[in-house]
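*Asks:*
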Amino acid sequence: MTIFEALRKDHDIQRDLLARLVETHGDSDERDNLYQQVRAELHYHAAAEERALYIPMMSIDLTQEKARHSVAEHHEIDELLELLDETDYSATHWLTHAKQLQDLVTHHLDEEEQEVFQLAGRGLEDKQKTSLAGEYQEEMQRQRSA
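Residue 1 is where the sequence shown starts when you use UniProt numbering, and the numbers rise one by one after that.
So, in structure tokens, the structure goes:
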């Protein structure tokens with residue numbers, strides 16, 4: 001498995017969780033459970049992805065700019081999560097912010113899959129793509145069990 005395959009697998013999980021989250025209503029257990037899952041997945045994924053993919057990409061001239069852009073998008077996602085944390089589930093604008101999060105994350109994932117992965121695929125060596133997948137999966141496991 002390559003780093004790109006490992007990341008796509010988790011991207012699909014994020015898309016599914018976000019799609020389910022924006023279908024929830026009011027201050028419900030379902031909304032709370034899904035939001036906590038989304039929040040955790042996004043946090044774990046960003047930390048592991050930055051360590052396993054973006055740090056190596058930053059050391060390559062060809063991929064450095066894309067890596068920095070993607071890390072900046074992770075910070076935008078964090079800011080939206082903070083806004084959601086501060087908003088009551090029953091507030092009418094909570095769902096508006098959740099949909100903004102879905103749009104931002106979906107844009108980020110699509111950009112990674114359609115642009116970043118292709119560029120990184122040219123900059124990284126084949127054996128590195130495989131070893132980085134292992135690093136990513138180990139970090140995700142560590143994050144999830146912490």
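We put the CB at the ideal spot given by N, CA and C, even for glycine.
(1) So what does DSSP say about H75, is it helix, strand or coil?
(2) What did DSSP end up calling I60 once you bin it into helix, strand or coil?
(3) Pick from A48, A133, R39: whose alpha carbon is nearest that of Q143?
(4) Can you tell which of W94, A67, A133 has the C-alpha that lies nearest to the C-alpha of V22?
(5) Where do the N-terminal and C-terminal ends of the alpha helix (DSSP H) with A47 fall, by residue?
(6) Whole-angstrom Cβ separation of E50 and H11, contact assumed at under 8 Å?
(7) CB-CB under 7 Å to L119, same chain, minus the five flanking residues each way: which ones, in chain order?
(8) Given a cut-off of 8 Å on the beta-carbon distance, is the pair H97 and L83 in contact?
(9) Which residue from V71, T92, G26, I55 puts its Cα closest to that of Q128?
(10) Report yes or no: do three or more beta-carbon pairs, one from the stretch 131-142 and one from the stretch 14-31, lie closer than 8 Å?
(11) With DSSP as the reference, label D88 as helix, strand or coil.
(12) What's the gap between the Cα of G26 and the Cα of A19?
(13) Quick one: what's got a C-beta closer than 8 Å to E115's C-beta in the same chain, skipping five residues either side?
*Replies:* The short version:
(1) DSSP, read as helix, strand or coil, puts H75 in helix.
(2) Reduced to three states, the DSSP call for I60 is coil.
(3) Distances from the CA of Q143 to each of A48, A133, R39 were compared; the closest alpha carbon is that of A48.
(4) Comparing Cα-Cα distances from V22 to each of W94, A67, A133, the minimum goes to W94.
(5) Its alpha helix (DSSP H) spans residues 29-49.
(6) In this structure E50 is not in contact with H11, their Cβ atoms being roughly 15 Å apart against a cut-off of 8 Å.
(7) Excluding its 5 nearest sequence neighbours in each direction, L119 has C-beta neighbours in its own chain below 7 Å: L62, T63, K66, listed in chain order.
(8) Yes. Within cutoff.
(9) When V71, T92, G26, I55 are compared, the shortest CA-CA separation from Q128 is found for I55.
(10) Segments in contact, no.
(11) Three-state DSSP puts D88 in coil, outside helix and strand.
(12) Separation of G26 and A19 (C-alpha to C-alpha, rounded to the nearest whole angstrom) is 16 Å.
(13) So the list reads K66, once near-sequence residues are dropped.
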